[in-house]
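Residues 1 to 334 (the UniProt record's numbering) are what the sequence shown spells out, left to right.
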Amino acid sequence: MRTGINPAKLDSQLSVQYHHRIVIPVFIPELSGYFENLKEVYRLCIETAFKSQHSRSAITVVDNGSCEEVKAWLRELQDRGIIETLITHQSNIGKIDAIIGAARGSREPLITLSDSDILFRNGWQEEVESVFRSFPKSGAVAPFPIARHMYYHSSSTQKAVVTGDMKFSFRETDEHELIREVYESYGWNYEPAYDGVLPVVQKNGKEAVMGCGHQVFTIRRELFFDMPLSPSFIKIGAGSELNWIDKPINELGFWRLSTLKTYVHHMGNQLTEENKAAFEEVVKNESTPNLLALPQTEVNKMNLWEHRFFSKIFKLKNDFRPPAPELTVQFKSL
């Protein structure tokens, strides 16, 4: 039996408050061993995401089967208004399935997927959004540049250079130490003469870097529905980011870019004094930008032959550097 009218039916329309959503997965099954200090690492990640975001942005945390102490801590963060949305899984459903599911359930046109050991610096969000505005075919934008991502599923971006849709040049960074820090967090060696020279693209008076990592990056919402719809059933790694996100965005004809400056730190599972100092420098972002309207664009898939053709032509016309120095990978299992 029902009496009266549901008040929501009298005013059924919802106002749009946000245009940017940050999705952060959390998996701490126990507070010992590898996970012993991760709660503090994740605290800095979530708090710097909260402090650095503007008021048109909100945070979703996906608890992927954490222990009860961590679940209680996340509920407290939501009660304090730091987390806007909290999704809780009783058991680990896998990183990529957890974050893509959260992204598809979000309504904002821009969705940032971030590892939970990322420390955000002020200005990252504004710069990423500026790249999306100026590069209309941007599909994914990372807030840190890595020269070696230039040929990592970037053939759609290279096609835009070959066809004259954007300008291209190499330029030495003025942030060698910040980029070196990112390399070292991967277990990579940093060679300044090669890794410190960035592949810069330009369009509509704006500059960005060719290529995009997947530790933290922002994606157009509609692209999540053109990615593989079947679940990965992969806990972490094993090519899941590659096959469910990176490769599809490029194959759909969208550009994978990065900011010219480094706006994040990769903390790992142990805090350093440098991490703590960087955290203290982050201040609350009080800005309220206008709601973002992304340039309308269409999917323009390329076949395998086109990807190979434009990548080869791009390299022949633009990349006259000697072969890349050998990359020493410390964590070969990853």
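Every residue gets a Cβ at the ideal spot worked out from N, C-alpha and C, and that includes glycine. Since this is a predicted model, take the numbers as computed values, not measurements.
Inter-residue spacing [alpha-carbon to alpha-carbon] between residue i and residue j
i: L86; j: T328; result: 38 Å
i: S134; j: S114; result: 23 Å
i: E36; j: E30; result: 7 Å
i: S333; j: S240; result: Residue confidence for S333 is low, a pLDDT of 37 falling below 50, so the modelled location carries little weight; the figure read from the coordinates is stated next. So the alpha carbons of these two residues sit roughly 15 Å apart.
i: H19; j: R107; result: 8 Å
i: P192; j: Y263; result: 19 Å
i: K71; j: H89; result: 10 Å
i: L44; j: A278; result: 10 Å
i: I46; j: I219; result: 19 Å
i: E298; j: R121; result: 32 Å
i: L178; j: L14; result: 42 Å
i: R308; j: D226; result: 22 Å
i: N204; j: P145; result: 20 Å
i: Y190; j: R180; result: 6 Å
i: F331; j: P25; result: Low confidence applies here, because F331 scores a pLDDT of 48, under 50, leaving its location unreliable; read the following figure in that light. Whole-angstrom Cα-Cα distance: 22 Å.
i: K317; j: M166; result: 14 Å
i: I59; j: M267; result: 19 Å
i: H149; j: P322; result: 17 Å
i: M302; j: I249; result: 11 Å
i: A293; j: K39; result: 36 Å
i: W188; j: D195; result: 11 Å
i: K261; j: E184; result: 17 Å
i: I21; j: E76; result: The amino acid at residue 21 is misidentified as Ile; the sequence shows Arg. Whole-angstrom Cα-Cα distance: 20 Å.
i: T48; j: I28; result: 19 Å
i: S55; j: E326; result: 44 Å
i: E69; j: I118; result: 21 Å
i: I93; j: E222; result: 23 Å
i: residue 348; j: Q78; result: Because the chain here runs from 1 to 334, residue 348 falls outside it and cannot be looked at.
i: T173; j: A147; result: 10 Å
i: S116; j: V61; result: 9 Å
i: H253; j: I82; result: Sequence check: residue 253 is Gly here, not His. Each residue's alpha carbon lies about 36 Å from the other.
i: E175; j: H265; result: 13 Å
i: S311; j: E251; result: 13 Å
i: P295; j: Q270; result: 40 Å
i: S91; j: E84; result: 22 Å
i: T112; j: S57; result: 10 Å
i: E306; j: Y186; result: 31 Å
Exposure of residue i, with buried meaning 16 or more beta-carbon neighbours within 10 Å
i: L304; result: exposed
i: A324; result: exposed
i: K274; result: The sequence given here places Glu at residue 274; Lys does not occur at that position. The residue is exposed, with fewer than 16 neighbouring Cβ atoms inside 10 Å.
i: K95; result: buried
i: Y42; result: buried
i: Q17; result: exposed
i: T163; result: exposed
i: T3; result: exposed
i: D63; result: buried
i: Y34; result: exposed
i: N300; result: exposed
i: H153; result: buried
i: T272; result: exposed
i: R104; result: exposed
i: R80; result: exposed
i: S32; result: exposed
i: F314; result: buried
i: L110; result: buried
i: F50; result: buried
i: D319; result: exposed
i: L291; result: exposed
Cβ distance (whole Å) where residue i is taken to contact residue j below 8 Å
i: V197; j: A208; result: Contact doesn't hold; Cβ gap of about 15 Å is too wide.
i: P199; j: G213; result: Rounded, the Cβ-Cβ distance is 14 Å, inconsistent with contact.
i: V161; j: F168; result: 4 Å
i: S52; j: V282; result: 6 Å
i: F224; j: I100; result: 6 Å
i: K206; j: V131; result: 7 Å
i: P228; j: D97; result: Between D97 and P228 the Cβ distance is about 11 Å, and since that is not below 8 Å, they are no contact.
i: A102; j: V182; result: Their Cβ separation, rounded to whole angstroms, is 25 Å, which puts A102 and V182 out of contact at 8 Å.
Test: residue i CB closer than 8 Å to a CB of chain C
i: D174; result: Annotation note: the requested chain C is absent from the structure, which comprises a single protein chain.
Any non-hydrogen atom of the ligand MG within 7 Å of residue i CB
i: G101; result: Annotation note on the ligand MG: not contained in the displayed structure, which lists no ligands.
Uninterrupted alpha helix (DSSP H) stretches inside the stretch 192-276 (no shorter than 4 residues): With a minimum length of 4 residues, the continuous alpha helix (DSSP H) runs that stay inside the stretch 192-276 are 192-195, 247-251.
Is there contact here, the stretch 245-258 with the stretch 137-151, by at least three beta-carbon pairs under 8 Å? Touching, per the Cβ criterion.
Contact between the stretch 114-131 and the stretch 280-296 (3+ Cβ pairs under 8 Å): yes
Which parts of the UniProt domain "Glycosyltransferase 2-like" (43-160) are runs of the beta strand (DSSP E), unbroken and 3 residues or longer, counting only runs that do not cross its ends? 57-64, 85-89, 110-114, 118-120, 138-142
Quick test of the definition: if touching needs 3 or more C-beta pairs under 8 Å, does the stretch 255-271 touch the stretch 155-163? Output reads yes: the stretch 155-163 touches the stretch 255-271.
List in chain order: all unbroken alpha helix (DSSP H) runs of 4+ residues lying wholly within the stretch 168-193. 176-186
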